[in-house]
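In UniProt numbering, the protein residues as written are 1 to 333.
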């Protein structure tokens, strides 16, 4: 579906954007592939690696609505990946997080509608579920904006959906490269925020593949959640450095012990498919089909039980130490 199409990704110089571009160029022949981001150095560095004739690099910030409108002219598909994502940084700089994650989302929606973009998928996070930190709260707000945009669309053909998943192994700012640096620097122990902490675990390629598939599945207004394994942070540390001690340093500002991707309060809206869940919108769409099973590919989902919650702490799929090592190796490929 991406052959001879124009695709734009906001925040495209990040970990997701680079792997997404690599995947698209390997599997499809797009007309244009537009990287929209605010850092000229990162764009310059990325252009040295990805210089296919279809590549375009647009300097701009999602806070700038006019620049987004200009960048989306003639675009068929948009992935909104731009965000301020560091939990502690958001706690200390709340308005900056709000400007990028909420106002930026609104600008993406307006630009997509103004340019009659066909489909938009916004990347979300497990931290948007029952948020206790500002980052999660802004991403929940963003999710709501993108879902409701299907009503705002009116007579426009643009459809909007959300993809929500957990920690991406090896992405910038995540715990794996942090531990790797400590190990390289000769640390005598690894800092553990809490001995009981768990997280959902997904590779960058899995995240990219899930997003690509959901462009085909989406009807508009749903939140897609992949079925992925969990890890215990203590097991992760043991897998990466079995000979190092683990020092409990305490939970950082805004952190949870466990993450949730499908909250119990939304169980009446949640459908289970073979390899993913779909959270249906709380609102109805006047001009859209509100049936999400079957999806656009004909896949059928079933309602989950009342009170069901998809929680990293009681996930039926946990990686053991050997599984973590194998998973992390796959993530490096």
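Just so it is clear, CB atoms sit at the ideal spot from N, CA and C, and this is done for glycine as well.
Please read these numbers as outputs of a predicted model, since none were measured by experiment.
Residue i vs residue j beta-carbon contact at 8 Å
i           : j           : result
residue 125 : residue 144 : no
residue 123 : residue 79  : yes
residue 48  : residue 57  : no
residue 323 : residue 134 : no
residue 9   : residue 20  : yes
residue 244 : residue 326 : no
residue 38  : residue 61  : yes
residue 200 : residue 165 : yes
residue 115 : residue 72  : yes
residue 54  : residue 30  : yes
residue 149 : residue 109 : yes
residue 161 : residue 220 : yes
residue 69  : residue 111 : yes
residue 317 : residue 263 : no
residue 281 : residue 147 : yes
residue 36  : residue 204 : no
residue 312 : residue 198 : yes
residue 7   : residue 76  : yes
Segment limits, beta strand (DSSP E) that includes residue i
i           : result
residue 232 : 230–232
residue 162 : 159–163
residue 36  : 32–37
residue 189 : 189–192
residue 223 : 223–226
residue 79  : 77–80
residue 62  : From DSSP, residue 62 is part of no beta strand (DSSP E); its letter is neither H nor E.
Exposure label - residue i; buried when at least 16 CB within 10 Å
i           : result
residue 158 : buried
residue 218 : buried
residue 276 : buried
residue 3   : exposed
residue 95  : exposed
residue 92  : exposed
residue 332 : exposed
residue 119 : buried
residue 259 : buried
residue 46  : buried
residue 305 : exposed
residue 83  : buried
residue 222 : buried
residue 261 : buried
residue 287 : exposed
residue 232 : buried
residue 18  : buried
residue 330 : exposed
residue 279 : buried
residue 41  : exposed
Three-state secondary structure assigned by DSSP to residue i
i           : result
residue 142 : helix
residue 197 : coil
residue 107 : helix
residue 153 : coil
residue 118 : coil
residue 6   : strand
residue 306 : coil
residue 335 : Any property of residue 335 remains undetermined from this structure, which presents the chain solely from 1 to 333.
residue 56  : strand
residue 272 : strand
residue 123 : strand
residue 247 : strand
residue 87  : helix
residue 340 : Outside the displayed range of the chain (1 to 333) lies residue 340, so it cannot be described from this structure.
residue 410 : Coverage of the chain is limited to positions 1 through 333, which leaves residue 410 absent and any answer about it impossible.
residue 327 : helix
First through last residue of the alpha helix (DSSP H) which encompasses residue i
i           : result
residue 25  : 15–27
residue 68  : 65–71
residue 40  : 40–49
residue 208 : 204–217
residue 95  : 94–98
residue 180 : 175–184
Any C-beta of chain B under 8 Å from that of residue i
i          : result
residue 63 : Reference to chain B is not applicable here, since this structure consists of a single protein chain.
| Touch test, the stretch 192–200 against the stretch 237–251, Cβ-Cβ under 8 Å, three pairs minimum | yes
| Is it true that the stretch 229–248 meets the stretch 288–305, where meeting means three or more beta-carbon pairs spaced less than 8 Å apart? | no
| task | Report yes or no: do three or more beta-carbon pairs, one from the stretch 97–112 and one from the stretch 22–39, lie closer than 8 Å? | result | no
| task | Kindly confirm or deny that the stretch 171–182 and the stretch 208–216 touch, where touching means at least three C-beta pairs closer than 8 Å. | result | no
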